[in-house]
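Residues -16 to -1, 1 to 472 in mature numbering (1 follows the signal peptide of the UniProt record, and there is no 0) are what the sequence shown spells out, letter by letter.
Just so it is clear, CB atoms sit at the ideal spot from N, CA and C, and this is done for glycine as well.
Since the structure comes first, as structure tokens, the remarks are kept for the end.
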Amino acid sequence: MKLLTTASLLAGVATALVIPDEPMMKQLTLLTQDSATNLKSQVQDATQSWWNSIPEKDTILTSFEEAVSSGIKKATSLLDFDPSWPEWGGGPHHPPHHGDPDKTIYELIKASKYTTKFAELIEDYDSIKDILKSTKANHTLFVPTDKAFERIPDKHKKPSKDFIDALLQYHIVPGLYPSYNVSSHLTLPTQLMSHSLGHHKQRIRIRTFGLIPFHKKIFINFFAKVVAADIVASNGVIHGIDHILIPPPPQEMIIKFLPSTLSTFRLGMEITGLGEELSKREKEEKQRNGGVLFAPTNRAFAKLGPRANAFLFSDYGKKYLKALLKYHVVANRTLYSDEFYEEPLDEESQGTRGVVDWHPPKKEYKRVDLPSLLEDKPVSVGITRWKGFVKIMVNKCSPVVIRDGVAQDGVVQVVGKVLIPPHKHKDDDHEDDDNEPDHDWDGDEEEGEDDDDDDSVVDLDDLKARLEPYLEDSTGAGDSGYLFSEDL
């Protein structure tokens, strides 16, 4: 590590003096790259990576292959909908509902030649069979077809019984949700209760394509497509899907497996030690109550400007970076685009309450202030919803560009701008009327990088002034490979 001091070199480096080591330099090149890549494709790859990284005995692996990519691309077509199973009659887009209202969900999937593998799988799990047989309450089953199971490579061993039990629960949604109702939601609770969510129900993510009623495409957790809808039973409804739904990984792994979008954020969590601190805290706590991770994209960091990035990722500036990243972490509260897990539940409740169920019949606005790890400095989230559409703004300036990344221990909301806390004694960001939306919105939900053309960079002195009150004690230079000259 060398400190460059010559005047000629100082003139050449107009923003900041920073000397990263080679691995760090490769990482930081992402700051200037345009990361407007196909986010859906990244999520597919991330899902595959997540399951490839887990011990074989605890997993069901699915390859997703080319059919997933082509299926996602074709999802923008309003009229291209897969035919349903012939024996259940009709296409999934034609009312009235079909099926057999005199038979239970269990009886229907046992009788169908398209769901033999799922039906066989549940035979060893009495609690699952009891749910699908009972007529005391309605349930919605997203059942994988036999073709979905064919995606599992033969070489992999049978997963553990506990894992299969969790996986089966993750396909069951309490309540009656026909397709038109599914498409009006953004997430839905499953039968799977998660200790890492404060005993709340783990959720699935819903994404709907198309505007024509009964011709909409519905995707679950980014990749599982509804290929047969509204199979009515005496105790609920069945929707056939073309991929197995796998219980989501922790937030940390979601960040890890989206490098094209979140590698800069991950790098910051690593060099500041914040990621390690959060992991250690989770291991020490007997129960985690969920949380929200507002993860800025690589492009969001690039918008800060080269001087701010050089400072934050320098050895001297990483204490400021740590304070900044703390402002992106919310503990013990989990805010989805249509649900808010605010308080942990006791063992008896197990997902029955503690939830703010918000499904407005018309365009409405909701604001929630969440305490961050930055001395509980609040992060304000404004959500505008109408039917199945949503627009989420954080602190009135940062759009959520990938919503509801459901995680084992909460949710990841990917944001298009880095969240910068207000000054210690100024809280101007939270003075407006709670009933007023933060932005104009025309009802469209378009996920991906925001279209903001504002190339203005942050003022480094102002950024430092905002973060200085929250700095932790520093012992001096570390081993990150960075030096920073404040004289520039």
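The beta strand (DSSP E) enclosing T171, as first and last residue numbers: 171 to 178 is the span of the beta strand (DSSP E), which, as asked, contains T171.
Locate the alpha helix (DSSP H) running through residue 477, then write down its first and last residues. Nothing can be reported for residue 477, as the shown portion of the chain is limited to -16 through 472.
Taking the Cβ atom as the reference point for each residue, do L357 and V313 lie within a distance shorter than 8 Å? Taking 8 Å as the cut-off, the Cβ atoms of L357 and V313 count as close.
Residue environment, P137, which counts as buried when at least 16 other CB atoms sit within 10 Å: With fewer than 16 other Cβ atoms within 10 Å, it is exposed.
Measuring CA to CA, which of V363, H223, M253 is closest to L354? L354 has its Cα closest to that of V363, out of V363, H223, M253.
Would you call the segment 231 to 244 and the segment 385 to 392 touching, i.e. three or more CB-CB distances under 8 Å? A contact is defined here as three or more CB-CB pairs under 8 Å, and the segment 231 to 244 meets this definition with respect to the segment 385 to 392.
Go to G389, then tell me how far its alpha helix (DSSP H) extends in each direction, as first and last residue. Element bounds for G389: not the alpha helix (DSSP H) but the beta strand (DSSP E), 382 to 391.
Where does E104 land, buried or exposed, given buried means 16+ other C-beta within 10 angstroms? With fewer than 16 other Cβ atoms from the protein chains shown falling within 10 Å of its own Cβ, E104 counts as exposed.
State the start and end residues of the unbroken alpha helix (DSSP H) segment that holds R265. Note, R265: alpha helix (DSSP H), 258 to 268.
Among D146, A121, F147, nearest to residue 474 - alpha-carbon criterion: What the structure shows of the chain is the stretch from -16 to 472, and residue 474 is not part of that stretch, so it cannot be assessed.
Buried or exposed for D445, going by 16 or more other Cβ atoms inside 10 Å? Within 10 angstroms of the beta-carbon of D445 lie fewer than 16 other beta-carbons, which makes it exposed.
Own chain, CB closer than 6 Å to R189, minus 5 neighbours either side, in chain order: T171, N205, D388, V390, listed in sequence order.
Any contact of the segment 214 to 222 with the segment 365 to 383, i.e. 3+ C-beta pairs under 8 Å? Segments in contact, no.
When DSSP labels each residue in this structure, what does Y304 get in the three-state scheme? DSSP places Y304 in helix when its eight states are reduced to three.
Pull up the CB-CB distance for A212 and G220, whole angstroms please, since I reckon it's below 8 Å. Actually they do not touch by this definition, with Cβ atoms about 15 Å apart.
Own chain partners of E456 with C-beta closer than 8 Å, once the 5 adjacent residues on each side are dropped: Cβ within range, chain order: K303, K306, A307.
Might you give, ordered along the chain, the residues of its own chain that have their beta carbon closer than 6 Å to the beta carbon of G274, omitting 5 neighbours on each side? Excluding sequence neighbours, G274 sits near L181, G182, T318, Y325, G394.
Mapping DSSP to helix, strand and coil, what is I255? DSSP places I255 in helix when its eight states are reduced to three.
Tell me which residue opens and which closes the beta strand (DSSP E) that S364 is part of. Counting along the chain, the beta strand (DSSP E) containing S364 begins and ends at 362 to 370.
Just the Cα atoms here: how many angstroms apart are Q123 and L92? Here residue 123 turns out to be His, not Gln, going by the sequence shown. Straight-line Cα distance between these residues: approximately 13 Å.
Own chain, CB closer than 7 Å to S382, minus 5 neighbours either side, in chain order: Leaving aside the five residues that flank S382 on each side, the residues in its chain whose CB is nearer than 7 Å to its CB run, in chain order, V399, G400, K401, L403.
Which residue's Cα is closest to the Cα of T281: T248, S263, I255? The shortest C-alpha to C-alpha distance from T281 to any of T248, S263, I255 is the one to T248.
Assign Y311 to one of three DSSP states: helix, strand, or coil. The three-state reading of DSSP puts Y311 in coil, since its state is none of H, G, I, E or B.
Can you tell me whether F241 is helix, strand or coil according to DSSP? Coil, per DSSP.
Burial state of residue 473, where buried means 16 or more other Cβ atoms lie within 10 Å: No information on residue 473 is available, as it lies outside the stretch -16 to 472 that the chain covers here.
Outcome for K185 when other beta-carbon atoms lying within 10 angstroms are tallied against a minimum of 16: By the 16-neighbour rule on beta-carbons within 10 angstroms, K185 is buried.
Entirely enclosed alpha helix (DSSP H) segments - the segment 72 to 151, minimum 4 residues: Listed in chain order, the complete alpha helix (DSSP H) runs (minimum 4 residues) inside the segment 72 to 151 are 89 to 95, 100 to 105, 110 to 117, 130 to 133.
Taking the alpha helix (DSSP H) that Y164 belongs to, which residues open and close that run? Looking at the DSSP string, the run of the alpha helix (DSSP H) that includes Y164 is 163 to 166.
What do you reckon, are the CB atoms on V441 and L258 nearer than 8 Å? Result no, Cβ atoms of V441 and L258 do not sit closer than 8 Å.
Rounded separation between R283 and S298 - CA only: Distance between the alpha carbons of R283 and S298 is about 19 Å.
Once DSSP output is grouped into helix, strand and coil, what is the label at E236? If DSSP states are grouped into helix, strand and coil, E236 belongs with the helices.
Can you name, in chain order, every residue of its own chain whose Cβ lies under 6 Å from the Cβ of R250, other than the five neighbours on each side? Non-local beta-carbon contacts of R250 in its own chain, meaning distances under 6 Å to residues more than five positions away in sequence, involve I239 in chain order.
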